[in-house]
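Quick note: the sequence shown uses my numbering, first residue 4, plus one each step.
All C-beta atoms, glycine included, are put in the ideal place defined by N, C-alpha and C.
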Amino acid sequence: MKKILVIITSLILLLSFNLSYGQDDADYFVGNWDVVVKGTPSGDAKMKMHLERAEGKLTGNIKPEGVDAVEISKVNEEENKITVYYSAAGYDLYMSFEKKDPNNCEGSLINMFDAKGERIEEE
4 MKKILVIITS LILLLSFNLS YGQDDADYFV GNWDVVVKGT PSGDAKMKMH LERAEGKLTG
64 NIKPEGVDAV EISKVNEEEN KITVYYSAAG YDLYMSFEKK DPNNCEGSLI NMFDAKGERI
124 EEE
């Protein structure tokens with residue numbers, strides 16, 4: 004009887020751990036990110052990206068160095084991946100990012116330039 008109780012308790016703990024981990028994953032991209040886009044015609048582009056969840060959807064802004072922040076017009080979410088759409092310098096642009104580890108993501112700007120994001124830790 005003790006073995007059954009230990010097995011059931013272990014399964015419940017394991018299941019609750021998996022459920023709580025999955026919930027954190029849903030908001031993986033929420034927060035502030037340092038983004039670097041490599042190899043653009045003007046060199047490497049550095050920017051800050053802020054994402055938050057409002058009314059169940061991701062929203063936010065992107066602030067390239069030396070320029071005012073621009074609002075993100077749309078965010079497509081998939082499992083461990085997002086695509087953010089915005090307009091800058093008269094162009095409609097998009098960046099895709101995929102989760103790499105807890106504080107880093109990788110992707111591309113318009114599928115042409117490699118992009119990397121690093122989470123900015125809150126102090």
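Buried/exposed call for residue i, threshold 16 Cβ in 10 Å
i, result
"Val70", "exposed"
"Val33", "exposed"
"Tyr88", "exposed"
"Ala57", "exposed"
Of the residues the options, the one placed nearest residue i, counting alpha carbons only
i, options, result
"Leu1", "Glu82, Ser111, Asn83", "Look at the range of the chain in this structure, 4 to 126, and you will see that residue 1 is not part of it."
"Ala72", "Asn79, Glu55, Met50", "Met50"
"Ser2", "Asp37, Trp36, Asn64", "Residue 2 cannot be examined here, being either before or after the span of the chain that is shown, 4 to 126."
"Glu82", "Lys6, Ile11, Asp30", "Asp30"
"Thr86", "Asn107, Glu68, Thr62", "Thr62"
"Val40", "Lys6, Lys84, Asn106, Ile113", "Ile113"
"Met52", "Glu68, Ser45, Pro44, Lys60", "Glu68"
"Glu55", "Glu74, Ser99, Val38, Pro44", "Glu74"
"Gly46", "Glu124, Ala118, Ile11", "Ala118"
Straight-line Cα distance separating residue j from residue i
i, j, result
"Glu101", "Phe116", "14 Å"
"Gly93", "Ile15", "54 Å"
"Gly42", "Ala48", "8 Å"
"Lys103", "Glu109", "6 Å"
"Val78", "Glu121", "18 Å"
"Ser127", "Lys60", "Nothing can be reported for residue 127, as the shown portion of the chain is limited to 4 through 126."
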